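Q: Per the working numbering, the sequence shown starts with residue -9, numbered consecutively. Glycine is no exception: its CB is placed at the ideal position from the N, C-alpha and C atoms. Please read all numbers here as calculations on a predicted model, not as lab measurements. The structure follows.
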Amino acid sequence: MDKKVISKLLQRQFYPILKAQGFIKKGDVFRQVEGEVIRIVDIQHSIKRHCFQVNLGIHLIPLGEYVMRCTGNALDIEKMRDFDCAWRSSILPYLINDHDNDWSYTTNEQDANEMVQFLVSEWNRQSQNFFNQLAHWPEDFLKKAHQACINPLHPAHMCTLCYVAGAAGDLQLVKTLAEIALDAVPERATSLKERLASFIQDPNSAIPQIIDE
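Right under this line is the structure:
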């Protein structure tokens, strides 16, 4: 099977579900904005590898553009993809292992149809596990930040949560997250180390400053 066949199956069986849940389609990307929270469903095809991915993203409008850090630029929501989001995940087929996110185009129409049906059956469970964790601003995001103080995440993710705490106005939380993360930063990650150190010295620097164009 090829992209054309798979796309038709997705359009017939999967896309109506997304639209019914409030996602707006543009190209192969579905976007939903609820308050300050942006949700992305990004269908990405790889013709060379004969597969596609269903990638998910969550982003906060108060963070603005995010490329490893808050850049200060405003968001262009209608152009956002999953890789523009601060939090990302994928819908998994569980065919090879519990982390491979490639959905094969398959070799015949019956298998292709069954594959899309399985995607549909998995959608609510997997997507809700991801989207529901960060559904409401600021409470869900601050909850994640406080949990990270107890069970620390990768320092880069902790840095993201520093910006979350800054956007929510909790400067003590900014400092706590940065102090915990700084001890775990790899020696070569100098820019991340410097950023976390700056948050400790001045937690106000973690408050995103969005420049409106």
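(1) Hey, residue 48 and residue 31: beta-carbon distance below 8 Å or not?
(2) Which residues does DSSP list as the beta-bridge partners of residue 245?
(3) Give the straight-line distance between the Cα atoms of residue 204 and residue 16, rounded to the nearest whole angstrom.
(4) How would you call residue 145, buried or exposed, if buried means at least 16 neighbouring beta carbons within 10 angstroms?
(5) Alpha carbon to alpha carbon, how far is residue 176 from residue 0?
(6) How close, in whole Å, do the beta carbons of residue 34 and residue 43 come, if the pair is a contact with beta carbons under 8 Å?
(7) Identify which residue in 66, 24, -4, 98 has its Cα closest to the Cα of residue 128.
(8) Within 8 Å, do at least three Cβ pairs link the segment 130 to 140 to the segment 101 to 121?
(9) On a Cα-Cα basis, can you pick out the residue from 50, 97, 69, 55 that is closest to residue -7?
(10) So, residue 53 versus residue 80, is the Cβ gap smaller than 8 Å?
(11) Mapping the DSSP letters down to three states, classify residue 34 as helix, strand or coil.
(12) List the endpoints of the continuous alpha helix (DSSP H) containing residue 103.
(13) Helix, strand or coil: which one does DSSP assign to residue 75?
(14) Is residue 29 helix, strand or coil by DSSP?
(15) Give me whichever residues DSSP pairs with residue 41 in a beta bridge.
(16) Under the rule that 16 or more other beta-carbon atoms within 10 Å means buried, what is residue 58, buried or exposed?
(17) Measuring alpha carbon to alpha carbon, tell me which of 178, 187, 156, 5 ends up nearest residue 171.
A: This is what the structure holds:
(1) no
(2) Beyond the ends of the chain as shown, which are -9 and 203, falls residue 245; an answer cannot be given.
(3) The displayed coordinates of the chain run from -9 to 203. Any statement about residue 204 would go beyond what the structure contains.
(4) buried
(5) 42 Å
(6) About 5 Å; that satisfies the 8 Å criterion.
(7) 24
(8) no
(9) Considering only 50, 97, 69, 55, the residue with the shortest C-alpha distance to residue -7 is 97.
(10) no
(11) strand
(12) 99 to 121
(13) coil
(14) strand
(15) 36, 94
(16) exposed
(17) 187
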